[in-house]
Structures are given as C-alpha cells and as structure tokens.
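Colleague:
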Amino acid sequence: PGTAVRGDRFSSGPAREFLSSLAADAAIFEADLAVDRAHVVMLAEQGIVDSAVASEILSALDGVEAAGHGALSDGEDVHEAIETAVIDRIGPDGGRMHTARSRNDEVATCIRYRLREDLLAAVEATVTAREALVETAEAHAETLMPGYTHLQPAQPTTVGHYLLSYEGGLSRDTARLLDAYDRVNRSPLGGAAFAGTPFDVDRDRTAELLGFDGTVRNSMDAASARDFLAESATALATLATTLSGLAEDLIVFSNKGVVELADAYASTSSIMPQKKNPDTLELTRGVAGDAVGEATGTLSLLKGLPRAYNRDLQRAHASVFEIADDVREATEIAAGAVATADWDEDALATAAGEGFSTATGVADLLAMAGLPFRTAHEIVASAAPAVEDGDDPATAAAKVDEAARGVLGESLFERVSREAVERVLDPTESVASRDSAGGPAPEAVAEELTA
Ligand code: ARG
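The structure is reproduced here in structure tokens:
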C-alpha cells in the first residue's frame with residue numbers, strides 16, 4: 006500500500022530528482038520523527054485518532070528511526086518517505102498520521118526544531134570563545150602591543166585591551182543569536198497547508214510537546230514564514246564577520262612575527278619545508294564570505310515570494326543548517342588559535358613603540374599644560390619626520406623641543422618638564438596614562454575584566 010500512496014503523489018518523470026529533497030532532508034529526519042510523534046499524541050488526546058492506532062503509529066515511528074534516514078525508500082521528501090514507511094509497517098491506518106496537517110506546516114516545524122539546536126550550538130561556541138578571550142586578556146593585561154589604524158602604527162595598547170575588544174563584539178553576536186532563537190522557537194504545526202483545519206487540533210499542546218515557546222498563530226504566516234531563516238543567517242554572518250576581523254589581525258601579526266600560532270592551528274607547505282602558515286585563520290576568514298553569501302542568498306530567495314507556500318522554500322533551509330555548522334566550527338577554531346598562540350612579548354613591546362606611536366601622548370601633554378590642542382598637534386607633527394624607530398625618549402624629546410622652537414619660538418620645556426615629555430614617549434607609560442573608562446591602562450582593563 007505504501008508504494009501506491011507514494012506513486013499517486015510523486016512524479017515519476019524526468020523531474021523526479023529535481024523535485025526531491027529527500028537527501029538534504031537527512032538534516033531534519035530526527036526533527037520530523039519528533040514532529041510526527043507530537044502530532045500523533047495530540048491527535049489521540051483530542052480523540053481525532055483512536056489511541057490504539059496512535060500507539061501502532063508511534064511504534065512504527067520507532068522502527069523507522071532505528072532503521073535510519075538511509076533506509077527510507079525514495080520519496081519526494083522525508084515527510085512523505087516516513088509516512089510511506091509507517092504505512093509499509095502497519096498498513097493503511099498509518100495514513101491517519103497525516104490527519105489535520107500538511108507538509109507545509111510540518112516542514113516549517115521541522116526546520117525550526119532543527120535550527121534551534123544549531124543556534125544553541127553556535128551560542129555555546131561564542132560563549133566558549135569569549136571565555137578564551139577573557140582568560141588570554143587577563144594573562145596579557147600588561148603585554149604591550151602596537152595599536153593600528155589604517156594598518157599603520159597608531160598608539161600603543163595592550164594585548165589584553167585588544168582581545169577584550171573582540172569579546173565585546175562576540176557578546177553582541179551571542180545576543181543576536183539568542184534573539185533569533187526566540188523568534189525561531191515558535192511552532193507552526195497545526196496551521197495545515199496555510200488555511201487551518203476543521204479538526205479540533207490543539208496547537209498549544211503540540212508546541213508544548215516539541216518544546217516550543219508557543220505557536221506562530223496565524224496559519225498562513227505559520228506555513229509561509231521563513232524570515233526566521235534570514236534572521237538566523239544574518240546573525241551567523243555577523244558573528245562570522247567578527248571572527249574574520251580577528252582572524253585577519255592574527256594573520257597580520259603572524260606576518261609581523263609578533264604572534265606565533267600553536268602547531269595544532271597552523272599548516273605547512275608540501276614543497277617549502279620552512280613554512281608555517283596560519284591556514285586555520287584563513288579558513289575562518291573564508292567562512293565569513295560563505296556566511297555573508299548565505300544571508301544574501303536566503304533573502305534573495307525569499308524576496309517577492311507570494312503567500313502562501315511555494316516550492317522555492319524547499320531550497321531555503323538546508324544551506325542555513327550547513328553555514329550554522331561552519332560558523333560554529335570557525336568560532337571554536339578561532340578561539341583555540343587565540344588561546345594557544347604565543348604572544349612574543351619582546352617583539353610586541355618593540356613594535357609597540359615603532360612609527361612614533363607615542364606622538365599623540367606628547368600633544369595631549371602639551372594641551373594639558375594649556376596649549377590649544379591644535380597648536381600642540383602642529384608641534385608634534387612637525388617633529389614626526391625627524392623621529393626614528395629606535396630613538397630613546399630623551400632623543401625623541403629633544404627632537405620635539407626643536408620642533409616647538411620652530412612653531413612657538415621658544416623651548417617646550419618652558420611649559421612642561423623634560424621628564425614628563427620623556428615619560429609619555431615611553432610606550433609603557435603611554436599606555437598607563439590612557440586610563441579613561443574602557444581604555445588600555447592596566448587598571449582600566451582590570452575594571453573591564455571585573456565588570
Ligand atoms: N519538502 C518540502 C519543503 O521542504 C515540503 C513539502 C511541501 N510541498 C508541497 N508541494 N506543498 O518545502
């Protein structure tokens with residue numbers, strides 16, 4: 006009888022393969038079994054299906070689960086194939102399972118059921134990554150490093166301050182995923198094809214059995230809506246974009262020789278024996294491209310779809326599950342790479358002072374002594390070409406003084422002490438002086454760590 010049911014519904018012509026989602030539906034095999042069980046229990050509780058039949062269906066579903074997705078004979082999709090398998094096991098009564106529902110509300114429920122797990126796995130990965138960033142930041146709260154703008158040396162900072170900047174981004178990524186989760190976590194089941202059903206279904210009950218936090222009430226909305234896929238894909242793409250920046254930084258730092266990845270996170274060359282390449286980070290950067298593509302692709306697929314169900318929707322979800330998995334994995338790998346990397350403190354400290362990176366501190370000092378900031382900026386800017394990497398604070402201070410004589414017509418040291426100028430030219434002192442809230446001074450970082 007099963008074959009007859011399938012034969013009636015499923016085109017046997019050249020479009021058969023094209024129509025079928027059975028292979029991709031492996032991702033929602035478990036979800037569909039859960040949805041079937043909840044629906045059958047509700048049907049029995051409501052007196053829509055006899056409880057003896059319901060229990061036969063439930064046993065058949067156990068058998069289908071034990072046999073696995075791979076044992077399903079071909080069908081247009083997993084929903085139809087499971088129904089066919091149930092009918093094959095217990096006869097025509099198996100067909101009562103599909104009372105008061107459609108594949109449209111069924112698949113929408115399966116997608117949400119599966120996506121909840123993917124989103125929670127991604128959330129867990131972001132939390133673990135944030136812990137790794139915080140621990141590494143604590144260990145390097147005083148480790149100097151160069152801070153860049155435009156990838157040019159800008160002002161010295163610390164590794165702790167730098168890493169916490171990404172913890173901030175990842176905390177918002179976590180919140181975005183959890184926000185998406187709240188909207189995913191609603192049951193469309195019982196909406197039927199889109200137009201409801203004359204049976205006395207209890208939609209709140211199936212929602213409860215499946216662990217949803219309520220229903221998508223309007224039956225047409227329930228069957229049609231996939232905005233939750235776009236929202237999830239966008240939240241994942243935003244997370245992947247955060248990670249791509251971190252990955253890019255570490256690739257640059259490896260290139261500069263100030264960070265060395267642990268061997269477990271590096272790769273070598275098949276021809277150049279000396280190579281140690283940051284491939285894990287390059288793949289992380291690459292995943293962000295795919296994730297942005299997924300978000301764009303999802304929105305493009307949904308754009309302009311009329312109500313209610315259209316078969317285009319069959320192509321919307323499988324790739325979101327895949328990107329969720331890729332982004333989760335990239336999050337775990339990026340966190341591991343950061344936590345196990347060797348931050349070369351001497352090389353970082355040297356690099357921190359390069360490119361006259363303490364210049365802003367001298368201008369700030371002069372402005373604090375009463376000079377208009379713009380005049381102070383002009384003095385230090387005119388000294389900049391003369392200041393060289395390797396100048397000690399005394400040498401650099403003398404060069405700034407010379408510039409000041411040109412601009413002001415008098416020595417700088419009439420206004421600020423030589424010691425104070427030399428102090429702000431030292432990268433460690435420079436960092437320590439920037440103790441505004443959220444700044445890089447070790448006390449400010451310590452405060453951020455305990456906040
Ligand atoms: N496999 C379909 C999907 O994933 C669900 C089937 C609904 N099909 C239909 N022709 N109404 O969207």
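Following the UniProt record's numbering, the numbering of the sequence shown begins with 6 at its first residue and continues without gaps. Positions of the beta carbon are idealized from the N, C-alpha and C atoms, including for glycine.
Mind checking which residues open and close the alpha helix (DSSP H) that includes P447?
Modeller: Mapped onto the sequence shown, residue 447 falls at position 442. Looking at the DSSP string, the run of the alpha helix (DSSP H) that includes P447 is 447-455.
Colleague: Excluding sequence positions up to five away, which residues of its chain have a Cβ less than 6 angstroms from the Cβ of P445?
Modeller: Taking the sequence shown and counting its residues from 1, the one referred to as residue 445 is at position 440. The residues are T162, T163, H166, V436, R439.
Colleague: Do the segment 235-248 and the segment 71-81 make contact, defined as three or more Cβ pairs closer than 8 angstroms?
Modeller: no
Colleague: Write down every uninterrupted run of the alpha helix (DSSP H) in the segment 204-241 whose length is 4 residues or greater and which is fully enclosed by it, in chain order.
Modeller: Here the runs fully enclosed are 208-214, 224-229.
Colleague: Does the ligand ARG have even one heavy atom less than 8 angstroms from the beta-carbon of S107?
Modeller: For the purposes of this step, residue 107 is taken as the residue at position 102 of the sequence shown. Within 8 angstroms of the C-beta of S107 there is at least one heavy atom belonging to the ligand ARG.
Colleague: Would you kindly check if the distance between the Cβ of A388 and the Cβ of E415 is under 9 angstroms?
Modeller: Translated into the one-based positions of the sequence shown, residue 415 becomes position 410. Translated into the one-based positions of the sequence shown, residue 388 becomes position 383. Against a cut-off of 9 angstroms, the Cβ pair of A388 and E415 comes out as no contact.
Colleague: Going by C-alpha to C-alpha distance, which of G366, A403, L454, A344 sits closest to E434?
Modeller: Translated into positions along the sequence shown, residue 434 becomes position 429. Of G366, A403, L454, A344, the residue nearest in Cα terms is G366.
Colleague: If distances are taken between C-alpha atoms only, which option among A240, E419, Y171 comes closest to I328?
Modeller: Reading the sequence shown from its first residue, position 323 is the one you call residue 328. Among A240, E419, Y171, the Cα nearest to that of I328 is on A240.
Colleague: Apart from the five residues just before and just after A425, which ones in its own chain have a Cβ nearer than 7 angstroms to its Cβ?
Modeller: Position 420 of the sequence shown, counted from the first residue, corresponds to residue 425. These residues qualify, in order along the chain: L370.
Colleague: Just the Cα atoms here: how many angstroms apart are V139 and T289?
Modeller: By one-based count along the sequence shown, residue 139 stands at place 134. By one-based count along the sequence shown, residue 289 stands at place 284. Whole-angstrom Cα-Cα distance: 20 angstroms.
Colleague: Please report the straight-line C-alpha distance between A293 and N315, rounded to a whole angstrom.
Modeller: Residue 293 sits at position 288 when you count from the first residue of the sequence shown. Residue 315 sits at position 310 when you count from the first residue of the sequence shown. Looking at the two C-alpha atoms, the distance is approximately 29 angstroms.
Colleague: If you draw a straight line from the alpha carbon of V405 to that of D347, how long is it in whole angstroms?
Modeller: Position 400 of the sequence shown holds residue 405. Position 342 of the sequence shown holds residue 347. V405 and D347: Cα-Cα distance of roughly 36 angstroms.
Colleague: Helix, strand or coil for N109 per DSSP?
Modeller: As a first step, residue 109 is located in the sequence shown; it is residue number 104 there, counting from the start. N109: helix per DSSP, three-state reduction.
Colleague: Once DSSP output is grouped into helix, strand and coil, what is the label at N282?
Modeller: For the purposes of this step, residue 282 is taken as residue 277 along the sequence shown, with counting starting at 1. Strand at N282.
Colleague: I want to check one thing, is the minimum distance from the CB of H322 to the heavy atoms of the ligand ARG below 8 angstroms?
Modeller: Position 317 of the sequence shown, counted from the first residue, corresponds to residue 322. Yes.
Colleague: Are the segment 347-358 and the segment 258-265 touching by the rule of at least three beta carbon pairs closer than 8 angstroms?
Modeller: yes
Colleague: Would you call the segment 193-211 and the segment 303-320 touching, i.e. three or more CB-CB distances under 8 angstroms?
Modeller: yes
Colleague: Any chance you could list the beta strand (DSSP E) runs of at least 3 consecutive residues sitting entirely within the segment 165-193, in chain order?
Modeller: none
Colleague: Taking 8 angstroms as the threshold, find out whether the segment 184-194 comes into contact with the segment 271-280 through three or more Cβ pairs.
Modeller: No contact exists between the segment 184-194 and the segment 271-280.
Colleague: Suppose the cutoff is 8 angstroms on Cβ atoms and the five residues either side in sequence are ignored; what does the same chain contact list for V45 look like?
Modeller: As a working mapping, residue 45 is identified with position 40 in the sequence shown. Correct list, in chain order: V54, A59, I62, L63, L66, M102.
Colleague: In the DSSP assignment, what are the bridge partners of S272?
Modeller: On the sequence shown, residue 272 is found 267 positions in, with the first residue counted as 1. Its beta-bridge partners are N282.
Colleague: Between T8 and T243, what straight-line distance do the alpha-carbon atoms span, to the nearest angstrom?
Modeller: In the sequence shown, the residue the question calls residue 8 occupies position 3. In the sequence shown, the residue the question calls residue 243 occupies position 238. In this predicted model, T8 has a pLDDT of only 47, less than 50, meaning its place in the structure is not dependable; the value taken from the coordinates is given anyway. Each residue's Cα considered, the two are about 46 angstroms apart.
Colleague: Under 8 angstroms by Cβ, that's how I've got T345 and Y270 pegged, so tell me the actual separation to the nearest angstrom.
Modeller: Counting from 1 along the sequence shown, the entry for residue 345 is found at position 340. Counting from 1 along the sequence shown, the entry for residue 270 is found at position 265. So it is a contact: roughly 6 angstroms between Cβ atoms.
Colleague: Checking 9 angstroms against the spacing of the C-beta atoms, do C115 and A31 come in under that value?
Modeller: Indexing the sequence shown from 1 puts residue 115 at position 110. Indexing the sequence shown from 1 puts residue 31 at position 26. For C115 and A31, no; Cβs fall outside 9 angstroms.
Colleague: Return yes when the C-beta of Y270 is under 8 angstroms from any heavy atom of the ligand ARG, and no when it is not.
Modeller: Within the sequence shown, residue 270 is the residue found at index 265, counting from 1. Y270 has its CB no nearer than 8 angstroms to any heavy atom of the ligand ARG.
Colleague: Using the three-state DSSP reduction, which class does R11 fall into: helix, strand or coil?
Modeller: For the purposes of this step, residue 11 is taken as residue 6 along the sequence shown, with counting starting at 1. Here R11 scores only 49 on pLDDT, less than 50, and its place in the model is too uncertain to base an answer on.
Colleague: Please report how far the alpha carbon of V10 lies from the alpha carbon of L24, in whole angstroms.
Modeller: Here residue 10 is taken as the residue at index 5 of the sequence shown, counted from 1. Here residue 24 is taken as the residue at index 19 of the sequence shown, counted from 1. In this prediction, V10 scores a pLDDT of 48, lower than 50, which makes its location untrustworthy; the coordinate-derived value is nonetheless stated afterwards. About 17 angstroms.
Colleague: Should A198 be counted as a contact of the ligand ARG given a C-beta to heavy atom distance under 8 angstroms?
Modeller: As a working mapping, residue 198 is identified with position 193 in the sequence shown. Within the cutoff, so yes.
Colleague: Report the residue from G302, L124, V385, S259 whose alpha carbon sits nearest the alpha carbon of F326.
Modeller: Counting from one through the sequence shown, the residue named residue 326 turns up at place 321. For F326, the nearest C-alpha among the options comes from L124.
Colleague: Give me the Cα-Cα distance between P6 and S107, rounded to the nearest whole angstrom.
Modeller: On the sequence shown, residue 6 is found 1 positions in, with the first residue counted as 1. On the sequence shown, residue 107 is found 102 positions in, with the first residue counted as 1. Below a pLDDT of 50, predicted positions are generally treated as unreliable, and P6, at 40, falls in that range; the measurement from the model is reported next regardless. Approximately 20 angstroms, taken between the alpha carbons.
Colleague: Grouping DSSP H, G and I as helix and E and B as strand, with all else coil, what is Y314?
Modeller: Reading the sequence shown from its first residue, position 309 is the one you call residue 314. Looking at Y314 - three-state DSSP - the assignment turns out to be coil, as it is neither helix nor strand.
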